[in-house]
Amino acid sequence: MPLACFLEVVSLGVVYLFDIYRKVPKDLTQPTYTGAIISVCCCLFILFLFLSELTGFIATEIVNELYVDDPDKDSGGKIEVNLNISLPSLHCELVGLDIQDEMGRHEVGHIDNSMKIPLNNGDGCRFEGHFSINKVPGNFHVSTHSATAQPQNPDMTHIIHKLSFGDKLQVQNIHGAFNALEGADKLSSNPLASHDYILKIVPTVYEDMSGKQRYSYQYTVANKEYVAYSHTGRIIPAIWFRYDLSPITVKYTERRQPLYRFITSRSNSCPLLGFLWYEKLSSFSVPR
Ligand SMILES: *[C@@H]1O[C@H](CO)[C@@H](O)[C@H](O)[C@H]1NC(C)=O
Numbered sequence: 001m002p003l004a005c006f007l008e009v010v011s012l013g014v015v016y017l018f019d020i021y022r023k024v025p026k027d028l029t030q031p032t033y034t035g036a037i038i039s040v041c042c043c044l045f046i047l048f049l050f051l052s053e054l055t056g057f058i059a060t061e062i063v064n065e066l067y068v069d070d071p072d073k074d075s076g077g078k079i080e081v082n083l084n085i086s087l088p089s090l091h092c093e094l095v096g097l098d099i100q101d102e103m104g105r106h107e108v109g110h111i112d113n114s115m116k117i118p119l120n121n122g123d124g125c126r127f128e129g130h131f132s133i134n135k136v137p138g139n140f141h142v143s144t145h146s147a148t149a150q151p152q153n154p155d156m157t158h159i160i161h162k163l164s165f166g167d168k169l170q171v172q173n174i175h176g177a178f179n180a181l182e183g184a185d186k187l188s189s190n191p192l193a194s195h196d197y198i199l200k201i202v203p204t205v206y207e208d209m210s211g212k213q214r215y216s217y218q219y220t221v222a223n224k225e226y227v228a229y230s231h232t233g234r235i236i237p238a239i240w241f242r243y244d245l246s247p248i249t250v251k252y253t254e255r256r257q258p259l260y261r262f263i264t265s266r267s268n269s270c271p272l273l274g275f276l277w278y279e280k281l282s283s284f285s286v287p288r
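Just so you know, we're using my numbering here: the sequence shown kicks off at 1 and counts up by one.
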């Protein structure tokens, strides 16, 4: 019944009453100068809105979130460490790396994957090491502890080129602290002083557009410098890196807006509305 009614209405031409965009026959319209200017301006404005919306759509955004978990469970509870440090006034044969942690690890003179490169004609040394630490509080330190004979006055002045943990993340949009100690310069410190770098390591996950995850770590540092004594005399100085892990993980996710959002976004429907109005305006062209 409603269908029959509808058909009747259509056949009577009543449906034409609902047209709000009535057309004036082409031969009754005349283009005007103002009309042309308005038209061109409208077109340019639409183009501008469309392009700015499009660039926003194409650009990826990075969303970050925090959660309490160990993201990199396959690592076997280990973190890779990259250390690159120069001691310009300490012989390479005296320099060594020791690793200690709360799991009872105590390794003196770690040498796997590490290199000692003489500097200043052999007076100094650059230590480049790649090793792993357990995910429990602990420390690693550069000192003369592993040398066969302890020097009288070891000079612990140093400069740190790199200290980083986990995978290298090369992402421009993140201003993180992946290598916070880069460039730390203690060349003018008291040569006999010990240095403590207290690190808080924050697990960081980066998920790119394809869903691939990379695991890295950022850290914050507090630093102190002191000459230590015990009742038997001065304690052999060292450069300590004492670390602890944050239970909170930061996750960055690379994202692009879905296409339907682009099409239906509010600012994008403006050009559309604009275009409809432009159509309407153009039909205002004065009839002769
Ligand atoms: C360590 O740092 C020095 C000085 O910046 C640099 O020349 C050297 O290539 C670095 N080593 C590694 C393994 O990155």
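Built from N, CA and C at the ideal position, the CB exists for glycine as well.
Delimiting residues of the beta strand (DSSP E) encompassing residue i
| i | result |
| --- | --- |
| Gly96 | 96-101 |
| Leu245 | 238-245 |
| Leu119 | 114-119 |
| Glu65 | 61-68 |
| Thr253 | 248-255 |
| Ser39 | Taken as a continuous stretch (DSSP letters only), Ser39 belongs to no beta strand (DSSP E), being part of the alpha helix (DSSP H) at 33-58. |
| Gln218 | 213-226 |
Neighbourhood of residue i by C-beta distance below 7 Å, restricted to the same chain and skipping five residues each side
| i | result |
| --- | --- |
| Asp208 | Glu254 |
| Asp19 | none |
| Lys200 | Tyr219, Thr220, Asp244, Ser246 |
| Glu102 | Val136, Pro137, Gly138 |
| Ile79 | Ser132, Ile133, Lys135, Phe165, Gly166, Tyr217 |
| Val286 | Only weak support is given to the placement of Val286: the predicted model assigns it a pLDDT of 49, under 50, and the question is left unresolved by the model. |
C-alpha distance - residue i paired with residue j, whole-angstrom precision
| i | j | result |
| --- | --- | --- |
| Val81 | Glu225 | 23 Å |
| Tyr215 | Val136 | 17 Å |
| Thr34 | Tyr252 | 52 Å |
| Ala180 | Val205 | 17 Å |
| Ser52 | Tyr260 | 17 Å |
| Phe131 | Tyr217 | 15 Å |
| Leu17 | Lys26 | 20 Å |
Contacting residues, own chain, Cβ-Cβ under 6 Å from residue i (five flanking each side not counted)
| i | result |
| --- | --- |
| Asn173 | Ile62 |
| Gly109 | Gly96, Ser146 |
| Gln100 | His106, Gly138, Asn139 |
For residue i, the first and last residue of its enclosing alpha helix (DSSP H)
| i | result |
| --- | --- |
| Leu87 | Premise fails: Leu87 lies in the beta strand (DSSP E), 78-87, not in any alpha helix (DSSP H). |
Cβ shell of residue i (< 8 Å), same chain only, five flanking positions each side left out
| i | result |
| --- | --- |
| Val227 | Asn190, Leu192, Ala193, Ser194, Arg234, Pro237 |
Neighbourhood of ligand 1 [Cβ distance below 5 Å to any heavy atom], ordered by chain position: Asn84, Glu128, His161
Inside the segment 134-199 only - beta strand (DSSP E) runs reaching at least 3 residues: 138-143, 159-166
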